[in-house]
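Reviewing the structure listed below.
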Amino acid sequence: MELEAVFKPKTMAVIGVSLTHGGHPANVVYNKNNLRHEAEVFAVNHRGGVLQGKTVYKRVSDIPEEIDLAVIATRAEIVPDIFQDCIEARVNGAVVISGGFAETGRGELQESLVSLAKKAGFPFIGPNCLGVYSPPYIDTLFIPSERIVRPDKGGVAFVSQSGGLLADQMVKFAGEGVGLSSAVSIGNKAMIRELDLLKYFAQDKETDVVAFYVEGFGRDEGRDFIAAAAHCPKPVIVLKSGKTIGGKRAVSSHTASMAGDYEVFSAVLAQYGVVEARNEFELLSFCEALSCYHGPIQGRIGIITGSGGHGALAVDACFSQGLSVPLLSERDQDEIRRSVSPRVQAIASFANPIDLTGSAVDEDFMAAAQFLSKKKEVDCVVILLLPYLPGITSDLGARLSQVYRREGKPLIAYVPHVERYRMFIEGFELNRIPVAHSIEGAVDMAEAMRRQQPC
Amino acid sequence: MLNKEIKEIISASKDRGWVLEPDAKRLFSIAGLDIPHFTRVNTAEDAIRFAKKIGYPVVCKVVSPLVIHKSERDGVAVGIMSDEEVTETFERFSGTDGFAGMLVEETLSGIELIVGAKIDYQFGPIIILGIGGVGVEIYRDIAMRMAPLAETDVELMVKCLRAHELLEGYRGSKPVNLKELGRLLARFSGLVMDLGEMIESIDLNPVICSSTKCVVADARIILKE
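Now the structure itself:
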């Protein structure tokens, strides 16, 4: 299925704009794209007229230019006619925002759209969806511009069965500095489904990670999705809702009782190294981490800290995620000890976590990071950076990033997220080192890489 | 491809919705899985004759189309040491609803595992491996994978179990034969792929595994309605 025109259209028709009601979803979509996005937009309403000094066309086929994408926000009954018109006008695809299809019991109306579209090779997203946010080309999410929070352009494509959750995650992605290549609300997913979007984003050059919020798959659909995800060259993350445990229903075999819908879902994802995010916090951390690092790790974590308490909490978080924190040998400990400044040598501990104490200076963090990045016993380094230690400078984030650049071992930082510490955070992020705002968040980022390891 | 006898067993059990234990065992034996020496008897005398032939202790189980979970209906007796006990057990089982004979089989030793299959709505045929026995749903210690499996999948599945050390040789006991277990899983998964939509789920519970072999000591096949 050719979806380039849906995500990166040059021209877009918004069908169903109102000449009298400025708050109509179609008007919201028309206005925001007209003012803020690259695609050229055309308004369509079957009565015709003029909106904000521009022609409103009666039909898509009346528009003098070739249209790549049609966004449809009309009453459900007339959508099949509009499809017909779009197909005749050789539009390349559609986003159907309109509700009133299978979700209200009108499955036949929805099926009529699917059969028209399939026959004509006319891909469409929806119906009953928020549509597509694909900067800088288009934004069909009918949320007023002043209230939507837009993450920066970045490498994560996010596909959601729920429009509300999509809008909410965009707020959170923006807050955490996770950039999006596209966000798609698939609504009733009548024609374009998760698998089609996985295939599209797998080859999309602007996407590095493909994340999904899934409520459920159709019959055997999970099997095809997993096969495609396992072959996807980019990390695939899935957050599943409806984690009802098995054994609630009366079933006659132990296997059916224990292998409930969710248990199977979760196990199959793990089997193929498709990353399951168990909640929205993991989803966010995983998207951030896997935007930076694409390869799986075994999950042997080296921890560098300036405070014993932080180190201990990080170890606890590692254990509860099933990550290991290997003890360093006496010889290794001696070697790091010799490489740090004399006053730290006497008071620090080097067993892993490496606790450099509050007396540490930039060079001590650099030496410890350099050492762990070369040790094969450790496959990821977590640095708990406390920006208020007197001996360190705000340049430390950028300096530590150079260690990663040199050695190539994944590095994850924890820095408290307040404006005052912005420079530390930027030092890492500009070098594509993920930065968490909590200790657990940093450990979750390492876990994201481990879950890519098939098990 | 399924052979003729397997198809016959399935179609003969269709109305009941599940396959009786002796038929299920026959089916798995055709598919290349190891099953215990056993026979189905209708008299205590036949039971004693077979028990003497294979040697005590033996296991006796009730056969009844009305009893799907035998142990819940007191329909399994293990460690039977004498002719008298066989007779006693036979008489007790005779009172079971729908009594249709008794199985007498050899006593096996090893770790009790469960190997199972389910046709999942979203993902199709799924295979499980876990700690088996009567307490299987209490421990809920299982690993699951999408079928078909390769023989090498067994190592990853065992590693996923909380009780994996039990299989790897715990406190001086011999480890279970992973090669045999892997062979059993791969054959079982191949059979499940062939049965496909005919079944809803299967329990092989217990599969008794030792350092030399893995034997399907009991089997339950739930057919699709």
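Protein chains in written order, with the working numbering: chain A, 7 to 461; chain B, 15 to 239. Ideal Cβ positions, reconstructed from N, Cα and C, are used throughout, including at glycine.
In this structure, does DSSP put residue i in helix, strand or coil?
i      : result
B:K28  : coil
A:D340 : helix
B:N241 : No answer is possible for residue 241 of chain B: the residues shown for chain B start at 15 and end at 239.
A:S407 : helix
B:P139 : strand
B:F113 : coil
A:T311 : strand
A:C324 : helix
A:V97  : coil
A:G253 : Per-residue confidence for A:G253 stands at a pLDDT of 47, beneath the threshold of 50, marking its modelled position as unreliable; the derived number appears in the next sentence. Of the three classes helix, strand and coil, the one that applies to A:G253 here is coil, per DSSP.
A:A452 : helix
B:I20  : helix
A:I73  : coil
A:K178 : helix
A:A262 : helix
B:I49  : coil
B:K227 : coil
B:L34  : coil
Does the distance from the CB of residue i to the CB of residue j come in under 9 Å?
i      : j      : result
A:G248 : A:D267 : yes
B:T243 : B:V100 : No statement about residue 243 of chain B is possible, as the shown extent of chain B runs from 15 to 239 and does not include it.
B:I222 : B:L143 : no
A:A79  : A:V20  : yes
A:P440 : A:S258 : no
A:C135 : A:N98  : no
A:D361 : A:G305 : no
A:A452 : A:I310 : no
A:E288 : A:S272 : no
For residue i, I'd like the list of residues in its chain whose CB is within less than 6 Å of its CB, leaving aside the five on either flank, ordered along the chain.
i      : result
A:P416 : Y299, C386
B:S85  : V148
A:Q116 : F107, A108, A196
A:P7   : The question names Pro, but residue 7 of chain A is Met in the sequence shown. These residues qualify, in order along the chain: P129, D202.
Distance cutoff 9 Å, beta carbons only. Does residue i sit that close to anything in chain A?
i      : result
B:N191 : no
B:S85  : no
B:I24  : no
B:E151 : yes
B:S203 : no
B:M158 : yes
B:E214 : yes
B:I236 : yes
B:I145 : no
B:E239 : no
B:K28  : no
B:R154 : yes
Which residues in chain B sit within 9 Å of residue i, going by Cβ to Cβ distance?
i      : result
A:E282 : The contacting residues do not exist; A:E282 stays about 13 Å from chain B at best.
A:M197 : The premise fails here: A:M197 is roughly 19 Å from chain B at the closest Cβ pair, so nothing lies under 9 Å.
I'd like to know whether the C-beta of residue i is nearer than 9 Å to at least one C-beta of chain B.
i      : result
A:I232 : yes
A:V242 : no
A:A273 : yes
A:K254 : Low confidence applies here, because A:K254 scores a pLDDT of 49, under 50, leaving its location unreliable and the question unanswered by this model.
A:H237 : no
A:Q277 : yes
A:D370 : no
A:F223 : yes
Going along the chain, which residues of its own chain have a beta-carbon closer than 7 Å to the beta-carbon of residue i, five neighbours each way excluded?
i      : result
A:Y219 : S166, Q167, S168, L171, L245
B:L47  : L198, R201, F202, V230
A:S347 : V367, E369, D370
A:A126 : I93
A:F430 : L391, P393, S400, L402, G403, V421
A:P15  : A45, D74, L75, Y143, I144
A:G253 : The pLDDT assigned to A:G253 is 47, lower than 50, so where the model puts this residue is not dependable; a value taken from the coordinates is nonetheless given after this. Here the set comprises S263, M264, G266.
B:A114 : V77, S78, P79
By the criterion of Cβ-Cβ separation under 7 Å, what are the contact partners of residue i in chain A?
i      : result
B:R63  : Within chain A, no residue comes near B:R63; the closest Cβ sits about 34 Å away, beyond 7 Å.
B:K132 : T261, A262, A265
B:L170 : C461
B:C174 : C461
B:R197 : Neighbours of B:R197 on chain A: none; closest Cβ ~20 Å, over 7 Å.
So which residues on chain A does residue i lean against when the C-beta distance must stay under 8 Å?
i      : result
B:I280 : What is shown of chain B runs 15 to 239, which leaves residue 280 of chain B out entirely.
B:I82  : S258
B:D217 : S259, H260, T261
If the cut is a Cβ gap below 7 Å, which residues of chain B does residue i touch?
i      : result
A:G305 : None at all; the shortest Cβ gap to chain B is about 13 Å.
A:E269 : M158
A:G228 : Q136, F137
In chain A, what lies closer than 9 Å to residue i by C-beta?
i      : result
B:I128 : H260, T261, M264
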